[in-house]
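The opening position of the sequence shown corresponds to residue 1167 in our numbering, with each subsequent residue numbered one higher. Using N, Cα and C, we set each Cβ at its ideal position, and we do this for glycine too. In what follows, a single structure is set out as C-alpha coordinates and then discussed.
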Amino acid sequence: MRLGWDEGIPEVLAQKWHNWLMDLNQLSDYEVQRCIKPRGFGKVASAQLHHFADTCEAGYGTVTYLLLENTKHQIYCSFLMDKARVAPLKSVTIPRMELTAATVAGHVDKMMLDKKN
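Here you go:
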(Lines of atoms letter the chains of each structure in order from A and count residues from 1; the text may use other names and numbers.)
(Lines give C-alpha, C1' and ligand atoms only; values in the text may rest on other atoms or scores of the structure.)
Protein backbone atom coordinates (compact mmCIF):
# COMPACT_ATOMS: atom_id res chain seq x y z
CA MET A 1 0.00 0.00 0.00
CA ARG A 2 1.40 3.36 -0.97
CA LEU A 3 0.13 6.38 0.90
CA GLY A 4 1.24 9.96 0.80
CA TRP A 5 2.86 11.43 3.90
CA ASP A 6 -0.26 13.34 4.92
CA GLU A 7 -2.81 10.70 3.91
CA GLY A 8 -4.71 8.80 6.56
CA ILE A 9 -4.63 5.02 6.66
CA PRO A 10 -7.76 3.03 5.79
CA GLU A 11 -10.26 2.63 8.64
CA VAL A 12 -9.79 -1.15 8.77
CA LEU A 13 -6.06 -0.77 9.41
CA ALA A 14 -6.62 2.07 11.87
CA GLN A 15 -8.97 -0.17 13.86
CA LYS A 16 -6.46 -3.05 13.86
CA TRP A 17 -3.75 -0.66 15.06
CA HIS A 18 -5.99 0.69 17.80
CA ASN A 19 -6.91 -2.85 18.97
CA TRP A 20 -3.24 -3.84 19.07
CA LEU A 21 -2.40 -0.73 21.05
CA MET A 22 -5.15 -1.50 23.58
CA ASP A 23 -3.90 -5.09 23.90
CA LEU A 24 -0.47 -3.75 24.89
CA ASN A 25 -2.01 -2.38 28.09
CA GLN A 26 -2.93 -5.93 29.09
CA LEU A 27 0.71 -7.07 29.07
CA SER A 28 1.16 -5.70 32.58
CA ASP A 29 -1.43 -8.27 33.75
CA TYR A 30 0.52 -11.17 32.23
CA GLU A 31 2.40 -13.28 34.78
CA VAL A 32 4.85 -16.11 34.41
CA GLN A 33 5.24 -18.38 37.40
CA ARG A 34 8.87 -18.54 38.49
CA CYS A 35 8.55 -21.31 41.06
CA ILE A 36 10.26 -24.58 40.30
CA LYS A 37 8.04 -26.60 42.63
CA PRO A 38 4.61 -25.22 43.54
CA ARG A 39 3.29 -25.16 47.08
CA GLY A 40 1.34 -28.23 48.05
CA PHE A 41 2.94 -30.34 45.32
CA GLY A 42 4.12 -32.89 47.84
CA LYS A 43 7.21 -35.06 47.89
CA VAL A 44 9.05 -35.27 44.58
CA ALA A 45 9.39 -38.86 43.37
CA SER A 46 11.37 -38.04 40.22
CA ALA A 47 12.90 -35.01 38.55
CA GLN A 48 13.93 -34.79 34.91
CA LEU A 49 15.63 -32.10 32.85
CA HIS A 50 14.26 -31.74 29.32
CA HIS A 51 16.33 -29.84 26.76
CA PHE A 52 15.10 -28.81 23.33
CA ALA A 53 17.33 -27.33 20.64
CA ASP A 54 16.41 -25.92 17.25
CA THR A 55 17.84 -23.78 14.52
CA CYS A 56 16.89 -21.78 11.47
CA GLU A 57 18.74 -19.61 9.00
CA ALA A 58 18.64 -16.63 11.38
CA GLY A 59 20.00 -18.39 14.48
CA TYR A 60 19.71 -21.22 16.95
CA GLY A 61 18.64 -21.77 20.51
CA THR A 62 17.91 -24.15 23.34
CA VAL A 63 15.34 -24.25 26.10
CA THR A 64 15.38 -26.26 29.33
CA TYR A 65 12.42 -27.43 31.41
CA LEU A 66 12.29 -29.26 34.73
CA LEU A 67 9.67 -31.99 34.92
CA LEU A 68 8.70 -33.09 38.44
CA GLU A 69 6.54 -36.05 39.40
CA ASN A 70 5.28 -36.47 42.96
CA THR A 71 4.36 -39.61 44.87
CA LYS A 72 0.73 -39.23 43.70
CA HIS A 73 1.92 -39.35 40.04
CA GLN A 74 1.04 -35.69 39.50
CA ILE A 75 3.33 -33.89 37.09
CA TYR A 76 4.52 -30.30 37.11
CA CYS A 77 6.69 -28.79 34.39
CA SER A 78 8.55 -25.51 34.84
CA PHE A 79 10.68 -23.40 32.51
CA LEU A 80 14.26 -23.10 33.74
CA MET A 81 16.23 -21.25 31.08
CA ASP A 82 16.87 -20.62 27.43
CA LYS A 83 19.78 -19.57 25.29
CA ALA A 84 19.56 -18.07 21.83
CA ARG A 85 22.24 -17.02 19.40
CA VAL A 86 22.18 -15.21 16.08
CA ALA A 87 23.62 -17.15 13.15
CA PRO A 88 27.25 -16.32 12.39
CA LEU A 89 27.99 -13.88 9.58
CA LYS A 90 30.07 -16.54 7.84
CA SER A 91 27.76 -18.91 5.99
CA VAL A 92 27.12 -22.09 7.98
CA THR A 93 24.91 -24.99 6.96
CA ILE A 94 21.70 -25.74 8.86
CA PRO A 95 22.95 -29.21 9.91
CA ARG A 96 26.10 -27.60 11.36
CA MET A 97 23.98 -25.10 13.29
CA GLU A 98 21.76 -27.97 14.51
CA LEU A 99 24.90 -29.62 15.91
CA THR A 100 25.92 -26.34 17.52
CA ALA A 101 22.49 -25.98 19.15
CA ALA A 102 22.69 -29.58 20.42
CA THR A 103 26.17 -28.86 21.83
CA VAL A 104 24.82 -25.80 23.65
CA ALA A 105 22.01 -27.96 25.08
CA GLY A 106 24.67 -30.41 26.29
CA HIS A 107 26.61 -27.61 27.98
CA VAL A 108 23.42 -26.38 29.65
CA ASP A 109 22.70 -29.92 30.88
CA LYS A 110 26.18 -30.19 32.38
CA MET A 111 25.85 -26.77 34.00
CA MET A 112 22.47 -27.69 35.52
CA LEU A 113 23.79 -30.97 36.89
CA ASP A 114 26.86 -29.22 38.34
CA LYS A 115 24.61 -26.67 40.07
CA LYS A 116 22.47 -29.48 41.49
CA ASN A 117 25.50 -31.12 43.13
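For residue i and residue j, what's the separation of their Cα atoms in angstroms?
i: A1213; j: N1185; result: 43 angstroms
i: V1252; j: F1218; result: 17 angstroms
i: G1272; j: K1238; result: 31 angstroms
i: A1268; j: D1275; result: 10 angstroms
For residue i and residue j, which I take to be in contact (beta-carbon distance under 8 angstroms), what is that distance rounded to the nearest angstrom?
i: C1243; j: L1233; result: 5 angstroms
i: K1256; j: V1270; result: Going by Cβ atoms, the distance from K1256 to V1270 rounds to 18 angstroms, so no, they are not a contact pair.
i: Y1226; j: M1263; result: 5 angstroms
Applying the criterion that 16 or more other CB atoms from any shown protein chain within 10 Å of the CB defines a buried residue, is residue i buried or exposed?
i: Y1196; result: exposed
i: T1228; result: buried
i: T1259; result: exposed
Report all residues from its chain with a CB closer than 6 angstroms to the CB of residue i; omit the five preceding and five following residues, and keep chain order.
i: M1278; result: L1215
Give me whichever residues DSSP pairs with residue i in a beta bridge.
i: I1260; result: DSSP, once it has assigned bridges, lists no residue as partnering I1260.
i: I1284; result: Because the chain here runs from 1167 to 1283, residue 1284 falls outside it and cannot be looked at.
Excluding five sequence neighbours on each side, which residues of the same chain lie with their C-beta closer than 7 angstroms to the C-beta of residue i?
i: T1266; result: Y1226
Whose C-beta lies closer than 8 angstroms to the C-beta of residue i among residues of the same chain, with five residues either side of it excluded?
i: D1172; result: none
i: F1207; result: L1234, N1236, Q1240 and Y1242
i: Q1199; result: S1244
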